[in-house]
Every structure is written in structure tokens, then in C-alpha cells.
Amino acid sequence: MDCLRKVTAWSPPKLPSFLTRAPLPPLASPPSSFAPKDPVIGPTVVPGGCGRTFWSYPVPFTVSRVVLEERCWLEQPIFTTRAHVFQIDPTTKKNWVPASKQAVTVSYFYDVIRNSYRIISVDGAKVIINSTITPNMTFTKTSQKFGQWADSRANTVFGLGFSSEQQLTKFAEKFQEVKEAARLARDKSQEKIETSSNHSQASSVNGTDDEKASHASPVDTHLKSENNKLKIALTQSAANVKKWEIELQTLRESNARLTTALQESATSVEQWKRQFSICRDENDRLRHKIDELEEQCSEINREKEKNTQLKRRIEELESELREKETELKDLRKQSEIIPQLMSECEYVSEKLEAAEKDNQNLEDKVRSLKMDIEESKYRQRHLNPCRRGCARCQTAVPPRLRDRSLLSLLWPFEVAGRWKILTQEPRLGLPYVYAVRAGMFISFLRVVAAT
Numbered sequence: 001m002d003c004l005r006k007v008t009a010w011s012p013p014k015l016p017s018f019l020t021r022a023p024l025p026p027l028a029s030p031p032s033s034f035a036p037k038d039p040v041i042g043p044t045v046v047p048g049g050c051g052r053t054f055w056s057y058p059v060p061f062t063v064s065r066v067v068l069e070e071r072c073w074l075e076q077p078i079f080t081t082r083a084h085v086f087q088i089d090p091t092t093k094k095n096w097v098p099a100s101k102q103a104v105t106v107s108y109f110y111d112v113i114r115n116s117y118r119i120i121s122v123d124g125a126k127v128i129i130n131s132t133i134t135p136n137m138t139f140t141k142t143s144q145k146f147g148q149w150a151d152s153r154a155n156t157v158f159g160l161g162f163s164s165e166q167q168l169t170k171f172a173e174k175f176q177e178v179k180e181a182a183r184l185a186r187d188k189s190q191e192k193i194e195t196s197s198n199h200s201q202a203s204s205v206n207g208t209d210d211e212k213a214s215h216a217s218p219v220d221t222h223l224k225s226e227n228n229k230l231k232i233a234l235t236q237s238a239a240n241v242k243k244w245e246i247e248l249q250t251l252r253e254s255n256a257r258l259t260t261a262l263q264e265s266a267t268s269v270e271q272w273k274r275q276f277s278i279c280r281d282e283n284d285r286l287r288h289k290i291d292e293l294e295e296q297c298s299e300i301n302r303e304k305e306k307n308t309q310l311k312r313r314i315e316e317l318e319s320e321l322r323e324k325e326t327e328l329k330d331l332r333k334q335s336e337i338i339p340q341l342m343s344e345c346e347y348v349s350e351k352l353e354a355a356e357k358d359n360q361n362l363e364d365k366v367r368s369l370k371m372d373i374e375e376s377k378y379r380q381r382h383l384n385p386c387r388r389g390c391a392r393c394q395t396a397v398p399p400r401l402r403d404r405s406l407l408s409l410l411w412p413f414e415v416a417g418r419w420k421i422l423t424q425e426p427r428l429g430l431p432y433v434y435a436v437r438a439g440m441f442i443s444f445l446r447v448v449a450a451t
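Heads up: the sequence shown begins at 1 in full-length UniProt numbering, then just goes up one per residue.
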């Protein structure tokens with residue numbers, strides 16, 4: 001019986017179907033650094049459940065490092081990795097609480113004594129994870145670098161954030177392998193329990209038969225054996241009933257918590273749906289407004305282009321107007337000068353006519369002077385009679401001067417005419433006048449001497 005008690009403490013008999021599985025507590029979305037690209041709205045509940053071995057006596061979740069090190073020599077590490085450890089917030093059941101400040105070592109261990117598998121993680125002197133793996137546990141990937149599982153014994157949810165997707169995949173594969181190994185170990189332990197219980201019942205029956213053969217009749221022996229069997233079954237059933245009642249109460253409490261969490265999640269989902277519909281309506285309204293603003297912006301841009309073209313045209317017209325104004329100013333200045341120019345032109349034309357007349361007169365005078373010069377030259381050559389009054393000189397004198405009385409009569413008039421011509425022509429200069437006068441005086445002396 002001691003052996004049976006020791007075995008039943010670790011390997012329970014089969015329970016009804018409604019007690020074999022317990023639902024998971026609600027799981028929250030992963031932390032922001034390990035969150036997936038698509039947002040997770042509200043807490044999520046992983047389908048299925050995580051089995052609990054209610055009749056076993058698990059190692060407490062919070063144990064000292066000394067006890068853990070004393071037990072580590074009985075356990076063998078199977079797989080080791082590094083990750084950031086998180087736990088679900090026990091009050092809200094929605095948010096993640098970091099259990100380590102940095103990445104720590106997370107390992108799978110095999111317990112030789114209990115024939116079980118555990119996940120253990122230690123941060124310095126603090127034990128962060130001490131979770132026994134059962135066949136009904138499920139490891140869920142909630143993002144590319146984050147995974148989580150629920151431990152109903154510790155009444156919490158663990159989350160691991162890895163540095164890469166490959167590490168998460170390896171950890172999930174190893175979790176599945178360890179879960180299958182735990183299932184095989186449970187099946188083997190149940191087979192051992194059944195064989196040991198059958199052997200104990202057979203030994204108890206054989207012992208009563210020997211006593212019956214030596215002390216009592218076969219009927220009494222049979223009745224005693226039946227009574228013993230009934231007592232054993234009654235004892236076991238009473239113990240099992242108490243355990244079932246305890247576990248049923250635990251399940252009811254967990255179901256109540258799960259129902260509350262589910263209601264909260266449903267309420268939050270409804271709130272999220274309402275908020276989502278409000279946001280969607282707001283988004284549609286903003287889109288329509290954006291379309292209207294874009295149309296207005298396009299119209300404004302067209303108006304701006306038109307204004308720019310008009311500004312350019314105005315600038316061109318202003319420049320042309322300035323040029324026309326400058327031309328008009330020049331024309332006004334020229335119009336002010338035109339009367340003066342006309343008067344100057346008239347004055348110049350009058351002067352030109354006077355000059356032409358003077359020029360004509362001068363030309364006439366020059367011709368007459370040329371004739372007089374030629375005549376004077378002729379006289380100088382031919383009218384220079386010698387003092388003797390020779391016939392040669394007399395012949396050289398013009399016929400009109402041969403008569404002395406005629407010469408004496410005509411000479412003053414000729415001299416007066418030449419003098420008048422000389423005095424009226426100032427261009428020839430005084431030397432010429434003096435020369436003419438000297439010539440006339442010499443001619444006069446010659447005429448007088450000749451007479």
C-alpha cells in the first residue's frame with residue numbers, strides 16, 4: 001500500500017473527460033519590440049487547452065537558487081537559447097510585464113526522478129521561469145519573433161522575445177518534441193500504475209486465501225476478500241472524490257475567471273468595434289474632405305497659373321508703357337525745339353539767300369575787277385610813255401589817251417571810278433588799295449610828265 005500511495009502521488013488514475021482539460025487563461029498581445037506587423041486588437045485566447053495534473057505535487061514556481069542548484073544535478077539540459085522573458089500582468093491579464101532587463105538563458109531540462117520536462121530560466125539569483133511541460137500545453141507564435149505559452153500550475157502566461165525568427169522556430173520545434181516526450185512518459189507511467197495496482201490486488205487476495213485456508217471456511221474468506229476490495233475501492237473513490245471536488249472547485253474558479261476575462265474581452269472587442277466604426281466613418285469623412293481640398297488646390301493652382309500669366313502680361317505692358325512714355329517725353333522735348341529750329345532755319349535760309357546775293361554781287365565785282373586788272377596791266381605795259389615823248393611811246397598809248405586834252409579830261413573820272421570800286425570791295429585788303437593808289441599816282445605822274 002505504501003508503494004501504491006507513492007505511485008499514485010505521481011501517476012493518477014483516469015479521470016472523466018470534463019476534468020482532463022482546462023482552458024487557457026487569456027493571452028495578451030506581444031510587447032511592442034516583438035509585435036507583428038498587423039496590430040492585435042484585445043487579448044487573444046489560444047484554442048484548446050493546457051492540461052493540468054491536479055493530483056501531482058509540482059515544484060513551486062518561486063524557489064530559491066540553492067534548492068534549484070541542488071536539484072540541477074538530477075536534470076539534464078536538452079536545449080538552450082537566449083531570449084527576453086515576459087509574464088502576463090496578473091491583474092489585467094492583457095499587458096506584458098518584462099521579467100528580465102536583458103536577454104537571459106532559457107533551457108529545456110529533463111527531470112530524471114519525476115520523468116518530466118521543464119523550461120527553466122535564471123537571471124542572476126532570481127528564478128524567472130520554472131515551468132513543467134505537459135502534453136496538452138501549446139506554444140503559440142504571435143509574431144515573427146515572439147512566442148508564448150500558458151502554465152496553469154503557475155497560473156500565468158510566459159512570453160519569449162527572440163532576436164531572430166530562426167531562434168523562435170527552433171524553440172517551437174523543441175517545445176513540440178518535448179511535449180510528445182512528456183505524453184509518452186505519461187502513458188508509460190499510467191501503464192506502470194495499472195500493472196502495480198493489479199499486482200497489489202492479486203497479492204492481497206492470495207494473502208486472504210492463505211488465512212482462510214488455515215483459520216476459516218471458504219465462504220467467510222470470500223466475504224472478507226470482497227469486503228476488503230470494497231473498502232479499498234471505497235477509500236480510493238472517497239479520496240478521488242475529494243480530489244475531484246477540489247479540482248472541480250479550482251476549475252470553476254478558473255472558469256469564472258476565464259468567463260470574466262472573456263466578457264471583458266468581448267466588451268473590449270465591442271468597444272474596439274465601435275471605435276473602429278467611428279474611426280472608419282471619420283476616415284471616410286476625412287477622405288472626402290481631402291478630395292475636396294485636392295480639387296480646391298487644383299483650382300487654386302490653375303488660378304495661380306492664370307495670375308502668374310496676367311502678372312507677366314502686366315509687367316510687359318508696364319515696360320511698354322514706360323518705353324512709350326520715354327518716347328513721348330522725347331517727342332515733347334523735340335516739339336519744344338521745333339519752333340526754335342524753324343526760326344533758325346528761316347534765319348539761316350535768309351542768310352543763305354543774302355549770302356547767295358552777296359556772292360553773286362561779289363562774283364560780278366570779281367569779274368569787273370579782273371577786267372580792271374587786265375586793263376591796268378595793259379596800261380602798265382602799253383601806256384608808259386617815256387619822258388621824251390617818242391613816237392614809240394605815243395603809239396603804245398591807247399587811241400583814247402593820245403589826245404592830251406582828252407586824257408586830262410577823262411583821267412579824274414577814271415580815277416574816281418576805280419577809287420569807288422576799291423572802297424566798295426574790302427575783301428582785297430588795304431595793301432591792294434594802297435598798291436592801286438600808288439599805281440594810279442604813278443600813272444598820273446607819268447601823264448603829267450608827258451604833258
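Cβ coordinates follow ideal geometry from the N, Cα and C atoms, glycine included.
What does the Cβ neighbour count give for residue i, buried or exposed, with the cut at 16 atoms within 10 Å?
i	result
I278	exposed
R118	buried
Q151	According to the sequence as given, residue 151 is Asp; it is not Gln. Buried: at least 16 other Cβ atoms inside 10 Å.
A266	exposed
I128	buried
Q249	exposed
Y347	exposed
K357	exposed
N255	exposed
S349	exposed
Q380	exposed
E92	Just to set this straight, residue 92 is Thr in the shown sequence, not Glu. Exposed, since its Cβ has fewer than 16 Cβ neighbours within 10 Å.
A354	exposed
L168	buried
S335	exposed
S116	buried
L369	buried
Residue i to residue j, Cα distance in whole Å?
i	j	result
P90	A154	11 angstroms
V67	A125	Unreliable positioning characterises V67 in this predicted model, as indicated by a pLDDT of 41, which lies under 50. A coordinate reading is not provided.
N307	E320	20 angstroms
residue 459	F158	Coverage of the chain is limited to positions 1 through 451, which leaves residue 459 absent and any answer about it impossible.
R252	N130	25 angstroms
I120	V219	58 angstroms
L184	V112	15 angstroms
L234	N136	30 angstroms
E292	L310	27 angstroms
T134	H222	43 angstroms
G147	R285	39 angstroms
Q360	E344	23 angstroms
L230	T259	40 angstroms
V331	E318	The residue asked about is misnamed: residue 331 is Leu in this sequence, not Val. When rounded, the distance between both Cα atoms is 20 angstroms.
E264	V241	33 angstroms
E374	V366	12 angstroms
L352	I338	20 angstroms
A181	F171	15 angstroms
K94	Q271	15 angstroms
C297	E305	12 angstroms
Just to confirm before moving on: does the CB-CB distance between residue i and residue j stay below 7 angstroms?
i	j	result
V106	T81	yes
I88	T132	no
Y110	F79	no
V97	D123	no
E173	Q144	no
Helix, strand or coil, according to DSSP, for residue i in the structure here?
i	result
F162	coil
A83	strand
S121	strand
I338	helix
F276	helix
A181	helix
R148	Looking at the sequence shown, residue 148 is not Arg but Gln. Strand, per DSSP.
S131	strand
I78	strand
F109	strand
P98	strand
T156	strand
S116	strand
K93	coil
T142	coil
What distance in whole Å lies between the Cβ atoms of residue j and residue i, which are believed to be in contact at a cut-off of 8 angstroms?
i	j	result
A83	F162	5 angstroms
W149	T142	Contact flag wrong, Cβ pair sits at about 11 angstroms.
L160	V269	The Cβ separation is near 26 angstroms, so there is no contact.
Under a CB-based cut-off of 7 angstroms, is residue i close to chain C?
i	result
Q236	Looking at the structure shown, chain C is missing, and only one protein chain is on hand.
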